[in-house]
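Trainee: Supplied in structure tokens, the structure appears directly below.
There are 4 protein chains.
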Amino acid sequence: MAKITIAEFQKLMTEELPWAAEAGMRLQAIEYGKATMVLPFAGNMLRPGGTVSGPSMMALADGTMYAVVLSMIGHVKLAVTTNFNINFLRKPLPGDLIAEGGIIKLGKRLGVIEVTLFSEHGVSREPVAHATGTYSIPPASNGANNGAVK
Amino acid sequence: MAKITIAEFQKLMTEELPWAAEAGMRLQAIEYGKATMVLPFAGNMLRPGGTVSGPSMMALADGTMYAVVLSMIGHVKLAVTTNFNINFLRKPLPGDLIAEGGIIKLGKRLGVIEVTLFSEHGVSREPVAHATGTYSIPPASNGANNGAVK
Amino acid sequence: MAKITIAEFQKLMTEELPWAAEAGMRLQAIEYGKATMVLPFAGNMLRPGGTVSGPSMMALADGTMYAVVLSMIGHVKLAVTTNFNINFLRKPLPGDLIAEGGIIKLGKRLGVIEVTLFSEHGVSREPVAHATGTYSIPPASNGANNGAVK
Amino acid sequence: MAKITIAEFQKLMTEELPWAAEAGMRLQAIEYGKATMVLPFAGNMLRPGGTVSGPSMMALADGTMYAVVLSMIGHVKLAVTTNFNINFLRKPLPGDLIAEGGIIKLGKRLGVIEVTLFSEHGVSREPVAHATGTYSIPPASNGANNGAVK
Chain A
1 MAKITIAEFQ
11 KLMTEELPWA
21 AEAGMRLQAI
31 EYGKATMVLP
41 FAGNMLRPGG
51 TVSGPSMMAL
61 ADGTMYAVVL
71 SMIGHVKLAV
81 TTNFNINFLR
91 KPLPGDLIAE
101 GGIIKLGKRL
111 GVIEVTLFSE
121 HGVSREPVAH
131 ATGTYSIPPA
141 SNGANNGAVK
Chain B
1001 MAKITIAEFQ
1011 KLMTEELPWA
1021 AEAGMRLQAI
1031 EYGKATMVLP
1041 FAGNMLRPGG
1051 TVSGPSMMAL
1061 ADGTMYAVVL
1071 SMIGHVKLAV
1081 TTNFNINFLR
1091 KPLPGDLIAE
1101 GGIIKLGKRL
1111 GVIEVTLFSE
1121 HGVSREPVAH
1131 ATGTYSIPPA
1141 SNGANNGAVK
Chain C
2001 MAKITIAEFQ
2011 KLMTEELPWA
2021 AEAGMRLQAI
2031 EYGKATMVLP
2041 FAGNMLRPGG
2051 TVSGPSMMAL
2061 ADGTMYAVVL
2071 SMIGHVKLAV
2081 TTNFNINFLR
2091 KPLPGDLIAE
2101 GGIIKLGKRL
2111 GVIEVTLFSE
2121 HGVSREPVAH
2131 ATGTYSIPPA
2141 SNGANNGAVK
Chain D
3001 MAKITIAEFQ
3011 KLMTEELPWA
3021 AEAGMRLQAI
3031 EYGKATMVLP
3041 FAGNMLRPGG
3051 TVSGPSMMAL
3061 ADGTMYAVVL
3071 SMIGHVKLAV
3081 TTNFNINFLR
3091 KPLPGDLIAE
3101 GGIIKLGKRL
3111 GVIEVTLFSE
3121 HGVSREPVAH
3131 ATGTYSIPPA
3141 SNGANNGAVK
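Protein chains in written order, with my numbering: chain A, 1 to 150; chain B, 1001 to 1150; chain C, 2001 to 2150; chain D, 3001 to 3150.
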């Protein structure tokens, strides 16, 4: 079971990730080690022609990685991205973007997460981008060790 | 000599990269194969505590990569990021972020670019993030082959 | 159905990837868009203490990516890696390494592949490394367009 | 000044990186935060046609990163690669490969290094590959803290 609820994450988004909250990013589902986020089409990071920009997709992927990490260690404020790698696969269709994230490995000091981004409008559900990232976890806050979280 | 001027790039930013223009991103210098961009502190992508968010830094790095590519092939609209990798090194100080980008290799179909991000407030000038990225260049538009495309 | 057989791939390995053949790498299974390879423990890339080295794992992951690409476009000799990213997750146990690769996206010019490496000796089947890579596909040889090239 | 000599590194290569020693990899120069390694052409990781394979270049880049890390923290045996990203730029010419590595950032727990690979035979000195990697540094062994190294 996730160590943070959707409501708790949405709240911390307005405090810690204001740009995400402003863009209308929304946590849709969360489990222990998994998270789904949505970036609605009517955000403020569009490109002309209606397609979502690369940096919007990076922001969505990174926000989803954060949700995955917190789902496992609870609300730890000093967990930060150390490495982020993304492959852009297809031009997204004009519509909502869905990001599905899952933990690859949560260690004592680092967590590695994978996120796939989908266009909601796709006839077939094909990914528009795929990212992996590493989060650094502050000492003595990894839920896998001692649950010392807020 | 760069195949696009600062004024031309700033103009296309408002049309093609509205989120960057909105955040106040500014091209400070451009040469053939090099570009320097600034993300002013009073942007809309801040974190509480005054530090710049990861996605802001990704957006700045990606915008700088785009400037580097266009400096070499002129204003090509279909040049897009295919791969982006970033290492976050230090928490940025509250202040402007400077991004210095340079071409690693421009080929017929792909360009590989490197960008280093610095905090302007640093006593010493140490990087806060380092990124490399690959841009896909549409056929018959690579300046190295047949001249810039406007 | 895969556009190349296990026997065909093993043969081309001795010709095109002699280091892989020398290390005893073996294609275990192949389907259209998926491939499984094995790096036996008694290879020549060991570290003291019996654990497999990072570069061995990189070689195994890259060989697997190549198999995935060829499974979809047939035996194309000029398909080469352009970008490779790997996260090392756990120290591998002394034993065979299994690499499971699958296509993320095959486009006209680039293919993006994902590979997960497992220790065969693990009590639980946990990944020891996770990689994504991009292969550049020579023009007019992408099976998705016009049929496999032999 | 480097915290390890060329002779010390060559010795530990035969013990800790036997594949590198076997391929004839050689540390050419080392300073605090910088290292240059050579992969001679007559190694055992060639491709038909005389060009060096991708995995050989990955191995060379990773070995160079290790040398850079040890140049700053001395001979620490548990420093290991956690993330490695490489862009392949050009097909290498048949000849020695030179790898020039330098530290991007050495922190308490992680070190980020950059390596550029060159073909020695090039008329002009153009890179054939560019890599960045992250090394995990065991606690209490970072030379920047307390020099607790062997």
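Where a beta carbon is used, it is the ideal one built from N, C-alpha and C, also for glycine. On a predicted model such as this, the values are computed, not experimentally measured, just so you know.
Expressed to the nearest angstrom, what Euclidean distance is found between the alpha-carbon atoms of I3006 of chain D and M3058 of chain D?
Mentor: 21 Å
Trainee: Whose Cβ in chain D lies nearer than 7 Å to the Cβ of P2055 of chain C?
Mentor: For P2055 of chain C, the neighbours in chain D by C-beta distance under 7 Å run, in chain order, W3019, P3055, M3058, A3059, D3062.
Trainee: With a threshold of 16 other CB atoms inside 10 Å of the CB of P947 of chain B, please say whether the residue is buried or exposed.
Mentor: What is shown of chain B runs 1001 to 1150, which leaves residue 947 of chain B out entirely.
Trainee: Among A:M1, A:H75, A:A61, A:L39, which residue has its Cα nearest to the Cα of F15 of chain A?
Mentor: The question names Phe, but residue 15 of chain A in the sequence shown is Glu. That would be A:H75, whose Cα lies nearest to the Cα of E15 of chain A.
Trainee: Using C-beta distances below 7 Å, list every residue in its chain close to G3095 of chain D, excluding the 5 sequence neighbours before and after it, in chain order.
Mentor: Only F3041, S3119, E3120, H3121 meet the Cβ criterion.
Trainee: Within a Cβ cutoff of 7 Å, which residues of the same chain sit near L2027 of chain C, ignoring the five residues on either side of it in sequence?
Mentor: I2006, F2009, Q2010, A2035, M2037, A2067
Trainee: By DSSP, does L1115 of chain B sit in helix, in strand, or in coil?
Mentor: The identity of residue 1115 of chain B in the sequence shown is Val, whereas the question assumes Leu. Of the three classes helix, strand and coil, the one that applies to V1115 of chain B here is strand, per DSSP.
Trainee: Looking at chain B, is there any beta carbon in it that lies within less than 9 Å of the beta carbon of T2081 of chain C?
Mentor: For T2081 of chain C, not one C-beta of chain B is nearer than 9 Å to its own C-beta.
Trainee: From the beta carbon of L2106 of chain C, is the nearest beta carbon of chain B less than 9 Å away?
Mentor: no
Trainee: Please check if any C-beta of chain B sits within less than 9 Å of the C-beta of G88 of chain A.
Mentor: The amino acid occupying residue 88 of chain A in the given sequence is Phe; Gly does not appear at that position. Answer yes: the Cβ-Cβ gap between F88 of chain A and chain B drops below 9 Å somewhere.
Trainee: When DSSP builds the beta bridges, which residues end up paired with E1031 of chain B?
Mentor: B:K1034
Trainee: How many angstroms separate the CA atom of I3086 of chain D from the CA atom of G107 of chain A?
Mentor: 24 Å
Trainee: So the alpha helix (DSSP H) A1131 of chain B belongs to, where does it begin and stop?
Mentor: Looking at the DSSP string, A1131 of chain B is not in any alpha helix (DSSP H); the run it does join, the beta strand (DSSP E), is 1127 to 1136.
Trainee: What is the DSSP secondary structure of A2079 of chain C, reduced to helix, strand or coil?
Mentor: coil
Trainee: Report the neighbours of P3092 of chain D on chain B: residues whose CB is nearer than 9 Å to its CB, in chain order.
Mentor: Going along chain B, no residue has its Cβ under 9 Å from P3092 of chain D, so there is no contact; the nearest lies around 13 Å.
Trainee: Quick one: what's got a C-beta closer than 6 Å to G134 of chain A's C-beta in the same chain, skipping five residues either side?
Mentor: Reading the sequence as shown, one finds Thr at residue 134 of chain A and not Gly. So the qualifying residues of the chain are T82, N83, L110, V112.
Trainee: Please confirm whether L1110 of chain B has its beta-carbon closer than 9 Å to some beta-carbon of chain C.
Mentor: Yes, contact with chain C.
Trainee: For Y1032 of chain B, tell me which candidate among B:M1065, B:L1039, B:A1061 has the shortest Cα-Cα distance.
Mentor: B:M1065
Trainee: Span of the alpha helix (DSSP H) holding I3073 of chain D?
Mentor: 3054 to 3073
Trainee: Exposed or buried, what is A3029 of chain D when buried is set at 16 or more other beta-carbons lying within 10 Å of its beta-carbon?
Mentor: With fewer than 16 other Cβ atoms from the protein chains shown falling within 10 Å of its own Cβ, A3029 of chain D counts as exposed.
Trainee: Per DSSP, which residues does I1098 of chain B bridge with? Please list them.
Mentor: B:V1038, B:F1118
Trainee: Shortest alpha-carbon distance to L3060 of chain D belongs to which of D:P3139, D:W3019, D:S3136, D:A3002?
Mentor: D:W3019
Trainee: Along chain C, which residues have their Cβ under 9 Å away from the Cβ of G130 of chain A?
Mentor: Residue identity check: residue 130 of chain A is His in the sequence provided, not Gly. Near H130 of chain A (Cβ distances below 9 Å), the residues of chain C are I2104, K2105, V2112, E2114, T2132.
Trainee: In terms of residues, what are the limits of the alpha helix (DSSP H) holding A3023 of chain D?
Mentor: Per DSSP, A3023 of chain D belongs to no alpha helix (DSSP H) and is neither H nor E.
Trainee: Would the beta-carbon of L17 of chain A fall within 9 Å of that of V52 of chain A?
Mentor: Not in contact: L17 of chain A and V52 of chain A (Cβ atoms no closer than 9 Å).
Trainee: Output the distance between the C-alpha atoms of I103 of chain A and A3129 of chain D, rounded to the nearest integer angstrom.
Mentor: 30 Å
Trainee: Quick one: is F1009 of chain B near chain A, going by C-beta distance under 9 Å?
Mentor: Closer than 9 Å to the CB of F1009 of chain B there is not a single CB belonging to chain A.
Trainee: With burial defined as no fewer than 16 other Cβ atoms inside 10 Å of the residue's Cβ, what is the status of L2117 of chain C: buried or exposed?
Mentor: Looking at its Cβ environment, which holds 16 or more other Cβ atoms inside 10 Å, L2117 of chain C is buried.
Trainee: Could one say the Cβ of E1126 of chain B lies closer than 9 Å to chain D's Cβ atoms, at least one of them?
Mentor: Judged by the 9 Å Cβ criterion, E1126 of chain B is in contact with chain D.
Trainee: Can you check whether the C-beta of F41 of chain A is within less than 9 Å of a C-beta belonging to chain B?
Mentor: no
Trainee: Let me confirm a value: M13 of chain A is counted as buried when at least 16 other C-beta atoms fall within 10 Å, else exposed. Which label applies?
Mentor: buried
Trainee: For F1118 of chain B and chain A, any beta-carbon pair shorter than 9 Å?
Mentor: no
Trainee: Could you work out which residue in A:P138, A:L93, A:V69 is closest to R125 of chain A when comparing CA atoms only?
Mentor: A:L93
Trainee: Go through its chain and collect everything with a Cβ distance to L78 of chain A's Cβ below 6 Å, but skip five positions before and after it.
Mentor: P138
Trainee: Between E1022 of chain B and M2025 of chain C, what straight-line distance do the alpha-carbon atoms span, to the nearest angstrom?
Mentor: Each residue's Cα considered, the two are about 52 Å apart.
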